[in-house]
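*Asks:*
Protein chains: 2
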Amino acid sequence: MKTVLLVEDHSIVRMGVKLLIEDFLPSVTVIEAATFSETLKLLQSRFFDLVILDIKIPGGETFNMISKIRDVQNKVKILIFSSQDEELYAIHYVKAGANGYLPKDTSNEELEKAITSVMAGGTYISNVIQDQLVNNTLLERESKESPLEILSNRELEIMDMLLTGKWTKDIALDLNIKESTVSTYKARIFEKLEVTNILELFKKVEIYKRRKTGFN
Amino acid sequence: MKTVLLVEDHSIVRMGVKLLIEDFLPSVTVIEAATFSETLKLLQSRFFDLVILDIKIPGGETFNMISKIRDVQNKVKILIFSSQDEELYAIHYVKAGANGYLPKDTSNEELEKAITSVMAGGTYISNVIQDQLVNNTLLERESKESPLEILSNRELEIMDMLLTGKWTKDIALDLNIKESTVSTYKARIFEKLEVTNILELFKKVEIYKRRKTGFN
DNA sequence: TTCAGATGTAGTCAATTTTCTACATAAAAT
DNA sequence: ATTTTATGTAGAAAATTGACTACATCTGAA
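Just so you know, the sequences run in chain order A and B. Quick note on numbering: full-length UniProt numbering labels position 53 of the first sequence as 53, and the sequence is numbered without any gaps. Quick note on numbering: full-length UniProt numbering labels position 207 of the second sequence as 207, and the sequence is numbered without any gaps.
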C-alpha cells in the first residue's frame with residue numbers, strides 16, 4: 001500500500017490529479033496538502049512514498065523546499081509538478097534533488113507514466129527537459145555552484161548592466177567598446193545561461209539570488 | 001437539462017472541474033473543448049447555457065474571445081476561469097462582457113456558487129474582484145487606482161505577451177497585425193506605465209501583483 | 001611545450017524594432 | 001451636437017540589434 005502526498009494549492013487541480021491517480025493506481029492513498037507548512041507537518045506525522053510538489057505553492061521557497069522535505073523524510077520520492085513557465089528551471093529542480101519534473105499541461109498518460117516510474121525508484125523527466133540535457137553540456141556546467149560562475153568577468157559585468165535595463169549602445173559607450181562587441185557578449189551570456197531574452201535572464205538570475213540568500 | 005461547455009487546455013484541470021460539476025449538478029451535461037477553434041465549432045453545432053472559459057487557451061485572443069463567442073451564441077453565459085496571474089485583468093473581462101470571473105485557485109464551493117449563479121442569469125465576481133470594484137467606484141468610472149487599469153484591453157493583451165518574453169514580430173504574427181502596430185502599442189504601454197524597457201515593465205507589474213495578492 | 005578552448009574585441013550585413021506620422025472610428029467631454 | 005481624446009491600425013524611414021565570421025591573446029590540460 002503506497003501513500004502519495006499531493007501538494008498543490010489549486011483545489012481543482014488537486015481534484016483532477018487525485019482522481020487520476022486513484023483511477024490508474026487504485027491501491028494508492030492520496031493525501032492532500034495546500035500549503036508548504038501543511039506539507040511539512042504531514043511529512044512529520046507519517047510516511048509517504050511520493051510527494052508530488054507544485055513548486056509555487058504558498059509558503060514555499062522554490063529550491064529550498066526540496067531539501068526541507070528531505071530533511072524530514074530523506075527517502076521520499078519527489079516529483080515536481082510545475083506550470084510551464086518554470087520549464088526553464090526544470091533542470092535545476094532535478095539537480096537540487098527532485099526525482100522527476102512534470103509540466104502541468106501534460107497529458108494524463110504522461111502523468112501516469114511519471115508517477116509510476118518515480119515511485120518505482122526511477123527518474124522521470126519530460127521530453128522538453130531531456131532535450132535540454134542531451135544537446136548541452138549543461139550538466140557539467142551545473143556542477144559548478146551557480147550558472148553565473150561560468151561567465152567570465154567581462155560577461156558578468158555586462159550582464160549586470162543588462163539587468164539594470166541598459167541598452168547595447170549604452171553599455172558600449174560606458175565601456176568604450178563597439179556595440180557589436182556588446183552583442184557578442186550578450187549572445188555568449190544568453191547561450192551560457194540558456195535563455196533567449198533579457199526577461200528570462202532576469203528571472204533566472206533572480207532564482208539564483210534567492211537560492212543564495214535563503215537559509216539552507 | 002442544461003449544457004455547459006468547458007474550455008480548458010489542461011486535461012487535469014478539465015477533469016477536476018467536470019467532475020465537480022457533475023457532482024453537484026447531476027443534471028448538467030458537460031462538453032469539453034481544449035482549443036478556441038474547437039469551442040467555436042461546438043458553439044455553432046449546438047446550444048449551450050454556459051461557457052466556462054480558460055482565458056489563455058491555445059488559439060484564443062484574450063479579449064476578442066468573448067465577443068467571438070457572443071457572435072455565435074449571443075445569449076450564452078460566459079464565466080471566465082482564469083489563473084491567479086490574471087486577476088489583475090479580471091475587471092477588464094467583465095467590462096468586455098463576461099458574466100463572471102473566477103480564479104482557478106478557488107475553492108470547490110466558490111466554483112459551485114459561481115456556476116449556479118451565472119447559469120441562473122446572475123453575475124458572479126470573486127471577492128478579490130469585488131474589492132477592486134468597490135474602491136474603484138465601479139465598472140464604468142475609469143479610476144486610476146492601478147496603473148494597469150489605464151491600459152486599453154488591446155494594450156493589456158500585448159503587455160501580457162511582452163511579459164511572456166515574446167518579441168514584437170511574434171506578437172504581430174500571433175495577433176495578425178503589423179509589427180509597427182505592435183511597436184506603437186509598446187510605446188503607448190511604456191508611456192502610460194512610465195517605463196522605458198521591458199525589464200522595468202516587468203518589475204513594475206511584479207510589484208503591483210505582489211501588492212494585490214499579498215504574497216511575500 | 002604545445003595546443004585546444006575560452007576570452008576580449010570588431011566588421012559586415014541582414015533582420016528587427018523604433019520613430020514619426022497618419023487616419024478612421026469609438027468614446028467622452030463640452 | 002460638436003469638439004476632443006483614446007484606440008486600433010499601418011507605412012516609410014531611421015536606428016538598433018543580431019548573426020556570422022574573424023582574430024589575437026590568454027590559460028589550463030595533455
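Glycine included, each C-beta is placed from N, C-alpha and C at the ideal position.
(1) Could you check what DSSP says for V30 of chain A in three-state terms: helix, strand or coil?
(2) Please report the straight-line C-alpha distance between L5 of chain A and D105 of chain A, rounded to a whole angstrom.
(3) So, helix, strand or coil for S117 of chain B, using DSSP?
(4) Just checking: is the beta-carbon of L19 of chain B within a distance shorter than 8 Å of some beta-carbon in chain A?
(5) Look at the Cβ atom of K2 of chain B, then the Cβ atom of D49 of chain B, and state whether they are nearer than 8 Å.
(6) For I52 of chain A, which beta-bridge partners are listed by DSSP?
(7) When you compare the CB of V13 of chain B with every CB in chain A, is at least one pair closer than 8 Å?
(8) Output needed for V30 of chain A: all residues of its chain with C-beta closer than 6 Å, excluding positions within five of it in sequence on either side, in chain order.
(9) Just tell me which of B:S11, B:V51 and B:S180 has its CA closest to the CA of residue 232 of chain B.
(10) Out of A:E155, A:S27, A:D9 and A:M119, which has the shortest C-alpha to C-alpha gap to S83 of chain A?
(11) Measure the Cβ-Cβ separation of L151 of chain A and I125 of chain A and say whether it is below 8 Å.
(12) Assess contact between the segment 169-184 of chain A and the segment 179-186 of chain B, defined as three or more Cβ pairs (one per stretch) separated by less than 8 Å. Is contact present?
(13) Would N64 of chain A count as contacting chain B if we go by Cβ distances under 8 Å?
(14) Once you ignore the five residues that flank I80 of chain B on each side, which residues in its own chain have a CB closer than 6 Å to its CB?
(15) Helix, strand or coil, according to DSSP, for L201 of chain B in the structure here?
(16) According to DSSP, simplified to helix, strand and coil, what is G122 of chain A?
(17) Along the chain, where does the alpha helix (DSSP H) containing I19 of chain A start, and where does it finish?
(18) May I have the straight-line CA-CA distance separating G122 of chain B from D174 of chain B, to the nearest angstrom?
(19) When the Cα atoms are used, what is the spatial distance from T116 of chain A to V76 of chain A?
(20) If you draw a straight line from the alpha carbon of K203 of chain A to that of L193 of chain A, how long is it in whole angstroms?
(21) From the DSSP secondary-structure annotation, give me the bridge partner or partners of G100 of chain B.
(22) To the nearest angstrom, how far is the alpha carbon of E157 of chain A from that of E206 of chain A?
(23) Between L199 of chain B and G165 of chain A, how many whole angstroms is the CB-CB distance? I'm expecting something under 8 Å.
(24) Given that S107 of chain A touches chain B, what residues does it touch there, using C-beta distances under 8 Å?
(25) Whose Cβ in chain A lies nearer than 7 Å to the Cβ of F36 of chain B?
(26) My output table needs one value for L151 of chain B: the three-state DSSP class, helix, strand or coil.
(27) Spell out whether any CB of chain A is found under 8 Å from the CB atom of K104 of chain B.
(28) For T196 of chain B, count neighbouring C-beta atoms within 10 Å of its own C-beta (all shown protein chains included) and say buried if the count is 16 or more, exposed if not.
(29) On the criterion of 16 or more Cβ atoms from any shown chain inside 10 Å, does R154 of chain A qualify as buried, or is it exposed?
(30) If I measure Cβ to Cβ from V118 of chain A and keep anything under 6 Å in the same chain, skipping five residues before and after, which residues do I get?
(31) Which same chain residues, not among the five before or five after A34 of chain A, have their C-beta less than 6 Å away from its C-beta?
(32) Candidates A:N64, A:L111, A:S107 and A:D160: which alpha carbon is nearest S37 of chain A's?
(33) Can you tell me whether DSSP reads F47 of chain B as helix, strand or coil?
*Replies:* Working from what's here:
(1) Reduced to three states, the DSSP call for V30 of chain A is strand.
(2) Their Cα atoms are separated by approximately 20 Å.
(3) Under the three-state reduction of DSSP output, S117 of chain B falls in the helix class.
(4) Yes, its Cβ sits closer than 8 Å to a Cβ of chain A.
(5) Taking 8 Å as the cut-off, the Cβ atoms of K2 of chain B and D49 of chain B count as close.
(6) In the DSSP output, where bridge partners are listed per residue, I52 of chain A has A:L6 and A:L79.
(7) Answer yes: the Cβ-Cβ gap between V13 of chain B and chain A drops below 8 Å somewhere.
(8) Cβ within range, chain order: V4, L6, K18 and I21.
(9) Outside the shown range of chain B, which is 1 to 216, sits residue 232 of chain B, and nothing can be said about it.
(10) Relative to the Cα of S83 of chain A, the nearest Cα in the group A:E155, A:S27, A:D9 and A:M119 belongs to A:D9.
(11) No, Cβ-Cβ distance for L151 of chain A and I125 of chain A is not below 8 Å.
(12) No contact exists between the segment 169-184 of chain A and the segment 179-186 of chain B.
(13) By this cut-off, N64 of chain A is not an interface position.
(14) Taken in chain order, the residues that qualify are L53, I55, Y93, A98 and Y101.
(15) Here L201 of chain B sits in helix by DSSP.
(16) It is coil, neither helix nor strand.
(17) Looking at the sequence itself, residue 19 of chain A is Leu, so the reference to Ile does not match. That run of the alpha helix (DSSP H) goes S11 to F24.
(18) It is roughly 34 Å from the alpha-carbon of G122 of chain B to the alpha-carbon of D174 of chain B.
(19) One C-alpha to the other measures close to 14 Å.
(20) In a straight line, the C-alpha of K203 of chain A is about 11 Å away from that of L193 of chain A.
(21) Per DSSP, B:L79 and B:Y124.
(22) Each residue's alpha carbon lies about 16 Å from the other.
(23) 5 Å between Cβ atoms; contact.
(24) In chain order: S11.
(25) Correct list: empty, because the minimum Cβ distance to chain A is about 16 Å.
(26) Note: L151 of chain B maps to coil in three-state DSSP.
(27) Closer than 8 Å to some Cβ of chain A, the Cβ of K104 of chain B qualifies, so yes.
(28) Residue burial is scored here from C-beta neighbours: T196 of chain B has fewer than 16 other C-beta atoms within 10 angstroms and is therefore classed as exposed.
(29) By the Cβ-count criterion, R154 of chain A is exposed, with fewer than 16 other Cβ atoms from all chains shown falling within 10 Å of its own Cβ.
(30) The residues are K77, L79, N99, G100 and Y124.
(31) Once the five neighbours on either side are set aside, the close Cβ partners of A34 of chain A are D9.
(32) That would be A:N64, whose Cα lies nearest to the Cα of S37 of chain A.
(33) Per DSSP, reduced to three states, the secondary structure at F47 of chain B is coil, with no helix or strand assignment.
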